[in-house]
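In the working numbering, the protein residues as written are 248 to 463.
Backbone N, C-alpha and C fix where the C-beta goes; we use that ideal spot for every residue, glycine too.
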Amino acid sequence: MALSIETARTLEESGDYVGALVQYRSLYAEDSGNEDVILGIAQCALALDNPELAFEFFVKLLIQNHNNPWGYVGRANVLFRYAQTDRALSDLARAIELDNPATELRIDCAAVLNDNGFSDLAYETLQPIRKAHFEETDFQCEWIFAILVTDRRNHPDIRPILDSFAAHRDEDPFYTLCLTAWDHLVHPGEALPDISELLEEAPELVCRAQYLGLIQ
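Structure representation (structure tokens):
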């Protein structure tokens, strides 16, 4: 396989994080100052549940360029894993400050915030890009989650997003989670729905289900 950052990115985007990491490592050996390569190693390490390696390379990225917002987003993600909440929030605030004018980087910031129980901040983070990115699935997922967790039940974006999720609910268990949360939100007197089967299929959604009030 030819060595190139394009190949590494393709492997990463396809979910082959091990193959991508091999490529990025080889590229790093040739040019240790390439920010895209450093970021690639860090992101693949995080995806492979190696937070120590991820942290090392997010720090390297910030040493290389202390104004690279992706370094702060990534480091915040790792810091949350180690319960360093204040430091993580500070890194995200710095990333958002550097993201001017606002870009799709806000979606990644919001995902980290939503994953860690700060959906009020996720909502504020996404507002500046709502118009430009509303049709994007990643935006809709983080936006509707923040809306549901913060109980903005009269928000005009709820219905179009949930209608889209309902039409494609077999494609992603997250869609079903959000649809279930909405039903529970508007029928608070009813018993909690049984989502055990859903969470067995997608255990990564357990924390999100807790924030949505679907797990006691």
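Near the ligand ADP: Thr254 beta-carbon under 6 Å from a heavy atom: Of the ligands one can find in the structure shown there are none, so the ligand ADP has no counterpart to examine.
Extent of the continuous alpha helix (DSSP H) run through Asn324: Pro316 to Arg328 is the span of the alpha helix (DSSP H), which, as asked, contains Asn324.
Proximity to Ser337 [Cα-Cα], best of Cys388, Leu308, Leu293 and Pro316: Check the Cα spacing between Ser337 and each of Cys388, Leu308, Leu293 and Pro316: the tightest is with Pro316.
Reference Arg341; option with closest CA among Phe392, Arg272, Leu309 and Ala456: Closest by alpha carbon: Leu309.
Cα-Cα separation, Leu295 to Arg353: Distance between Leu295 and Arg353, taken at the CA atoms: about 23 Å.
Those runs of the alpha helix (DSSP H) which lie wholly inside the segment 329-411 and span at least 4 residues: Inside the segment 329-411, DSSP marks whole alpha helix (DSSP H) runs of 4 or more residues at positions 332-345, 352-362, 366-373, 377-380 and 384-396, from first to last along the chain.
Residue burial classification, Val453 (beta-carbon count within 10 angstroms, cutoff 16): The residue in question, Val453, is exposed, as its Cβ has fewer than 16 Cβ neighbours within 10 Å.
Cβ-based neighbour list, Ile391, same chain, cut-off 8 Å, excluding 5 preceding and 5 following: So the qualifying residues of the chain are Asp404, Ile405, Ile408, Leu409, Phe412 and Cys425.
Close Cβ partners of Cys291 (< 7 Å) along its chain, the five nearest in sequence each way excluded: Cβ contact annotation for Cys291 (same chain, cutoff 7 Å, sequence separation greater than five): Glu259, Tyr264, Ala267, Leu268 and Tyr271, in chain order.
Ala294 in three-state terms, based on DSSP: Note: Ala294 maps to helix in three-state DSSP.
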